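Residue numbers (the numbering used here), protein chains in the order written: chain A, 1 to 69; chain B, 1001 to 1232. Each residue gets a CB set at the ideal place from its N, CA and C atoms; glycine is no exception. In this text the structure is predicted, and so the values were computed from the model without any measurement.
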């Protein structure tokens, strides 16, 4: 139902302001999650690289031990 | 066993900081009263101030890390400095964006070139350059030394930003004096709790980010050992 009095105008202004409030808290959560995910992804990638490298070196070590008489 | 204990501490820290941030969020919306002039949009203030505080504190830790590296020359100080700078940059960006979102309904514009905002924008760019400087230098020792000097020099932006609202004419509200807004005791409680919650989140993130840097060092050492062809 359309409303033309000052109380309705106040509610409309508040609703517009709420969008800024939602956007600000969205920015907070968005940037926090982006940082957490970025750290987690880099950590996992490094740990995977370490595991791969360690396995390769172990294989090489075994190979050289078998080659020795 | 030591590693297991460290992981337990990490999990406890993550739980504590997440819980504290959620309680702070609850206080912002359920405990703090509605500000009479600005209405609900004033609730941005609590997380805006807390993120700016964490940004400043993180840059202070980078400053200390830089001094520590130049004095001792050990990698742990450099790890502390770079980890803190990255987190500080995220939180200062957060403070700038949330500040702009608060300014629009409060001042009628997202941005104005007044002293506090201008210094904050320059500060953010200076720390973006800090991160870029580190990626541009190959030698680890040179990188750490340059970054330490840069991190110490860049810290001047923190007191400059802090005192900007006192030294120059500005429209930015002063949180300490309450100038520019009407603050009630409940608002003060919510603000202080939000700052404490964000500080605990900073400590948790710093710990994880430092762990990442140490893992990168371990990988580098392993690569060097592989290159030398010896593996004990």
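Query, Result
"Any C-beta of chain A under 8 Å from that of residue 1105 of chain B", "yes"
"CB contact flag (residue 1081 of chain B, residue 1020 of chain B, <8 Å)", "no"
"Residue 1187 of chain B, enclosing alpha helix (DSSP H) - first and last residue", "1185-1228"
"Contact list for the region 1205-1226 of chain B against chain A, Cβ threshold 9 Å", "1205, 1208, 1209, 1211, 1212, 1215, 1216, 1218, 1219, 1222, 1223, 1225 and 1226"
"Contacts of residue 1097 of chain B in chain A (Cβ-Cβ under 7 Å)", "27"
"Beta carbon of residue 1143 of chain B nearer than 8 Å to that of residue 1137 of chain B", "yes"
"Straight-line gap, residue 57 of chain A to residue 1012 of chain B (C-alpha atoms, nearest Å)", "36 Å"
"Chain-ordered neighbours of residue 39 of chain A on chain B, where CB pairs are closer than 8 Å", "1205, 1208, 1209 and 1212"
"Residues in the region 1045-1058 of chain B having any Cβ partner in chain A nearer than 8 Å", "1047, 1048 and 1051"
"Contacts around residue 1098 of chain B, its chain only, beta-carbon distance under 8 Å, and the 5 residues preceding and following it disregarded", "1044, 1047, 1048 and 1051"
"Beta-carbon contacts of residue 1223 of chain B that lie in its chain and below 8 Å, excluding the five residues immediately before and after", "none"
"Contacts that residue 1041 of chain B makes with chain A (C-beta to C-beta distance below 8 Å)", "17, 18, 20 and 21"
"Anticipated Cβ contact below 8 Å, residue 1017 of chain B with residue 1058 of chain B, distance rounded", "That pair is no contact at about 15 Å."
"DSSP beta-bridge partners of residue 1035 of chain B", "B:1039"
"Other residues of its chain near residue 1161 of chain B: CB distance less than 8 Å, five sequence neighbours each side excluded", "1056, 1116, 1119, 1120 and 1123"
"Cα-Cα separation, residue 1194 of chain B to residue 1091 of chain B", "14 Å"
"Local conformation of residue 1113 of chain B per DSSP, three classes", "coil"
"Assigned exposure category for residue 11 of chain A - 16 Cβ within 10 Å defines buried", "At residue 11 of chain A, the pLDDT of 48 sits below 50, so the modelled position is not reliable; the number obtained from the coordinates is stated separately. Answer is exposed; the Cβ neighbour count stays below 16."
"Supposed contact pair residue 31 of chain A and residue 1041 of chain B - C-beta distance, whole angstroms, cut 8 Å", "About 19 Å; that fails the 8 Å criterion."
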